[in-house]
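K.L.:
Sequential numbering from 1391 applies to the sequence shown in our numbering. In this text, a Cβ means the ideal position worked out from N, Cα and C, and glycines have one as well.
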Amino acid sequence: MQEDAADGTTTDGDAPDADDGEDETTSLADRVAEYDADLGAAVEDLEARIEGLEAELEAERDRAEDLESRLKRKQADFQNYKKRTEEQKEQLKERATEDFVARVVPVRDDLVRALEQDDDVDIRDGVESTLASLDRVLESENVAAIEPSAGDEVDPVRHEVMMKVESDEPEGTIADVFRPGYEMAGSVIQEAQVTVSDDSA
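So, in structure tokens, the structure goes:
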């Protein structure tokens, strides 16, 4: 340390002047304005715009987070709704199947009773009655037989061609029905098996 000859104070090297430091609270615009007022005003305007943009960016981030959170909730709600819908459909299907089986079982019981008759008993009337009962059950389920007539055009969706046979019917048309088909509510559940006329002989 060195002692000042004038006032007796000591100094530690060259201490910086207090005015040489920058006040941290002073804005960049204020510091620039000390040298150029117009430029300082321009910088102040830029700082204000930056602050405004930063505030807008923060608001957009908050909005994006809110939208993302709401979207996730909507997706979860939709998945839960989809799951509930599938469960309800399965329950309805099971109940519909149970109802159908409950109506078919008595028909089977009638067939069993018919087969339990003595060999010398004519069961034709009983079988016809049972068949009529079964047809009523199928009709109530909107099931219709596919039984084309001879001479009808072949429908590849509803008919399965078994073979070609000699027939008086026009070539390529249905000659006979080997086995009827069935459709339900417009959908084919069993194709009708048919023979097709071949008059090439």
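Give the straight-line distance between the Cα atoms of residue 1438 and residue 1459, rounded to the nearest whole angstrom.
P.N.:
Using only the alpha carbons, I get a separation of about 32 Å.
K.L.:
Let's test the definition: count the other Cβ atoms within 10 Å of the Cβ of residue 1442 and tell me whether it reaches 16, buried, or not, exposed.
P.N.:
Exposed: under 16 other Cβ atoms inside 10 Å.
K.L.:
Of the residues 1520, 1508, 1424, which one's Cα is nearest the Cα of residue 1497?
P.N.:
If we check each option's Cα against that of residue 1497, 1520 comes out closest.
K.L.:
Residue 1493 to residue 1570, Cα distance in whole Å?
P.N.:
Cα to Cα, residue 1493 sits roughly 22 Å from residue 1570.
K.L.:
Got a sec? Which residues, its chain only, sit under 7 Å from residue 1405 by beta carbon, not counting five neighbours each side?
P.N.:
Annotation note: pLDDT 43 at residue 1405 (below 50); position unreliable, coordinate value reported separately. Once the five neighbours on either side are set aside, residue 1405 has no close Cβ partner at all.
K.L.:
Specify, as a first and last residue, the run of the alpha helix (DSSP H) that residue 1460 falls within.
P.N.:
Run containing residue 1460: 1427-1505, per the alpha helix (DSSP H) assignment.
K.L.:
For residue 1579, which option in 1588, 1528, 1558, 1455 has the closest C-alpha, if you only look at C-alpha atoms?
P.N.:
For the residues 1588, 1528, 1558, 1455, the minimum Cα distance to residue 1579 belongs to 1528.
K.L.:
Can you check whether the C-beta of residue 1518 is within less than 8 Å of a C-beta belonging to chain D?
P.N.:
Although the question refers to chain D, the structure presented lacks it and comprises just one protein chain.
K.L.:
Give a yes or no on whether the C-beta atoms belonging to residue 1565 and residue 1573 are separated by under 8 Å.
P.N.:
No, they are not a contact pair.
K.L.:
Please classify residue 1425 as buried or exposed, where buried requires at least 16 neighbouring CB atoms within 10 angstroms.
P.N.:
Residue 1425 should be labelled exposed.
K.L.:
Return helix, strand or coil for residue 1510, following the three-state DSSP convention.
P.N.:
The answer is coil: DSSP assigns residue 1510 none of H, G, I, E or B.
K.L.:
I believe residue 1544 touches residue 1551 by the beta-carbon criterion, under 8 Å. Please report the beta-carbon distance rounded to the nearest angstrom.
P.N.:
Contact flag correct, Cβ pair sits at about 6 Å.
K.L.:
With a CB to CB cut of under 8 Å and the five nearest residues on each side skipped, what residues in its chain are close to residue 1403?
P.N.:
Note that residue 1403 scores a pLDDT of 45, beneath 50, so its modelled location is shaky and nothing firm can be said.
K.L.:
Please state whether the Cβ-Cβ distance between residue 1504 and residue 1513 is less than 8 Å.
P.N.:
Yes, the Cβ-Cβ distance between residue 1504 and residue 1513 is below 8 Å.
K.L.:
Can you give the Cα-Cα distance for residue 1430 and residue 1416, rounded to whole angstroms?
P.N.:
Going from the Cα of residue 1430 to the Cα of residue 1416 covers about 12 Å.
K.L.:
DSSP state of residue 1550, grouped into three classes?
P.N.:
DSSP places residue 1550 in strand when its eight states are reduced to three.
K.L.:
I'd like the list of long-range same chain contacts for residue 1423, defined as Cβ closer than 6 Å, with 5 residues on each side in sequence excluded.
P.N.:
Counting only Cβ-Cβ distances below 6 Å, and skipping sequence neighbours, we find 1430.
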